[in-house]
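Below you'll find the structure, written out as structure tokens, and then a few comments.
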Amino acid sequence: MEQHRVRAAAPSDVVVGEVRYAPLKSLWFLGMAGTALIGGWLTFSWTAFAVFLLATATVLLFGHSLGSHRKLIHNSFQCPKWLEYVLVYLGVQVGLAGPLGLLRQHELRDYAQRLPDCHDYLRHGRSMWLDAWWQLNCNLHLANEPVISIEPHIAEDRFYRFLERTWMLQQVPVALLLFCLGGWPFVIFGTCARVTAGVFGHWLVGYFAHNHGAMHYEVRGAAVQGRNIRLTSLLTMGECWHNNHHAYPGSARLGLKSGEWDPGWWMLCMMRCCGLAWDLKLPDDLPPRSELRSLKDTTGNFSYGSMVVLAFGGRVECSRTLMHSGLPTHSKGTQP
Numbered sequence: 000m001e002q003h004r005v006r007a008a009a010p011s012d013v014v015v016g017e018v019r020y021a022p023l024k025s026l027w028f029l030g031m032a033g034t035a036l037i038g039g040w041l042t043f044s045w046t047a048f049a050v051f052l053l054a055t056a057t058v059l060l061f062g063h064s065l066g067s068h069r070k071l072i073h074n075s076f077q078c079p080k081w082l083e084y085v086l087v088y089l090g091v092q093v094g095l096a097g098p099l100g101l102l103r104q105h106e107l108r109d110y111a112q113r114l115p116d117c118h119d120y121l122r123h124g125r126s127m128w129l130d131a132w133w134q135l136n137c138n139l140h141l142a143n144e145p146v147i148s149i150e151p152h153i154a155e156d157r158f159y160r161f162l163e164r165t166w167m168l169q170q171v172p173v174a175l176l177l178f179c180l181g182g183w184p185f186v187i188f189g190t191c192a193r194v195t196a197g198v199f200g201h202w203l204v205g206y207f208a209h210n211h212g213a214m215h216y217e218v219r220g221a222a223v224q225g226r227n228i229r230l231t232s233l234l235t236m237g238e239c240w241h242n243n244h245h246a247y248p249g250s251a252r253l254g255l256k257s258g259e260w261d262p263g264w265w266m267l268c269m270m271r272c273c274g275l276a277w278d279l280k281l282p283d284d285l286p287p288r289s290e291l292r293s294l295k296d297t298t299g300n301f302s303y304g305s306m307v308v309l310a311f312g313g314r315v316e317c318s319r320t321l322m323h324s325g326l327p328t329h330s331k332g333t334q335p
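Structure follows, in structure tokens:
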């Protein structure tokens, strides 16, 4: 916590607050959702639906998972600056917030969840329907706002500051391009439906990832534990392995166990092979955490350190990635 971007005068600063309706936030989501539902019904075509699938997968993989989360927020890998800008721009296309705003939201929630108690808004601690209303239409106003310090090379970056001021407007160039390519059906499915799916899906996965699912690790003393949401790995580009992420926030790899598919990690490995990414951090590269405890694997998977790799023709085959992943049964900083 000493290295965290958030500083609070007292632990109660992340507990006491009021959830208030946020008109612009609500209008943004409900407007996109309403247009997607009504317009989608009136203009549906399989081609437009394919545009929705391709556009959504692109911004979730390259934008949200790699650009916003694993790079901008956690700096879990390095890449050329131009590529970082492209990835973060695609992250803005998800429609959640500007890059700096998203970073602040993430850091406050992460900091609060590590403390013994925090406001229910920050921990997805109410009923599913109330949490949906809160997260999609409201903002939390804490009585004593903690100080969030973002590194100058991010906070003062001109490109990021420009995106922060104009993040909603950044949907316009994409919408114009889609209109030129396929008219209103492409705009509705490639912009409105994509934003709706991104924003709603972000809340839905976040709710389940803090309330339901398997756990490999426990962060002792934390207000809420992350959960792994199986069967959603491809839909979330690997972001569903949230218990793993709570344990090792700085790891570029989120799917740490056998069978935990992580498309974001796969893409990073391909980028590394092309010389577009390097210094990919894994759990063993992170500082030990005394509060982290390994739990018995509740999913029936073996950890990488004890996994028996299938033999072909009497020989044990192991990919280079696994051999050099540095993932033992009990990683540094955990206690069995």
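The numbering of the sequence shown is numbering that gives the first Met the number 0, which starts it at 0 and goes up by one. Every residue gets a Cβ at the ideal spot worked out from N, C-alpha and C, and that includes glycine. Being a predicted model, the structure only gives us computed values, none of them experimental.
With fewer than 16 other Cβ atoms from the protein chains shown falling within 10 Å of its own Cβ, W128 counts as exposed. Taking 8 Å as the upper bound for CB-CB distance, R226 and N138 are not in contact here, some 25 Å apart. For the segment 208-241, the full-length alpha helix (DSSP H) segments reaching 4 residues or more read 232-235 along the chain. Between V186 and F199, the C-beta gap is not smaller than 8 Å, which leaves the two residues out of contact. When rounded, the separation of the alpha-carbon atoms in V15 and P286 is 31 Å. L162 places its beta carbon 8 Å or farther from that of Q170. Remark: three or more beta-carbon pairs, one from each stretch, lie closer than 8 Å, so the segment 240-254 and the segment 216-226 are flagged as touching. Looking from the CA of E155, the closest CA among L294, L99, A32, L176 belongs to L99. For E106, the closest C-alpha among the options T235, L234, R6 is that of R6. In this structure, the beta-carbon distance from R193 to F51 falls below 8 Å.
Within a 10 Å sphere around the beta-carbon of I72 sit 16 or more other beta-carbons, which makes this residue buried.
For R292, the enclosing beta strand (DSSP E) starts and ends at 291-293. Here the alpha carbon of R219 sits roughly 29 Å from the alpha carbon of P262. In this chain, the alpha helix (DSSP H) harbouring L267 covers 262-272. Less than 8 Å divides the Cβ of L121 from the Cβ of Q112.
Q2 and R108 have their C-alpha atoms some 15 Å from each other.
Close CB contacts of E17 within its chain, under the 7 Å cut and outside five residues either way in sequence, are with H140 (chain order).
Contact annotation: the segment 59-71 does not touch the segment 22-35, with fewer than three C-beta pairs closer than 8 Å. The residues R193, A196, in chain order, have a CB closer than 6 Å to that of T55 in the same chain once the five nearest residues on each side in sequence are set aside.
Collapsing the DSSP output to three states places Q170 in a helix. Look at the segment 10-72 and you find these whole runs of beta strand (DSSP E), each 3 residues long or longer: 16-20. Boundaries of the beta strand (DSSP E) around N138: 137-141. A direct Cα-Cα distance of roughly 21 Å separates W277 from L59. Restricting attention to L234, D284, L101, the CA atom closest to the CA of L53 is found in L234.
In terms of Cβ geometry, L95 and L86 do not form a close pair [threshold 8 Å]. Boundaries of the alpha helix (DSSP H) around Y88: 80-91. Relative to L291, the option among Y216, K24, A174, G124 whose CA is nearest is Y216. Residue pairing by DSSP places W277 opposite Q77 in a beta bridge.
V204 is positioned such that its CB atom lies closer than 8 Å to that of T231. Closest by C-alpha distance to A142, out of P248, Q92, P10, is P10.
R6 is bridged by DSSP to V146. Under the three-state reduction of DSSP output, L95 falls in the coil class, being neither helix nor strand. Measuring C-alpha to C-alpha distances from I153 to each of Q92, N74, L281, L23 identifies N74 as the nearest.
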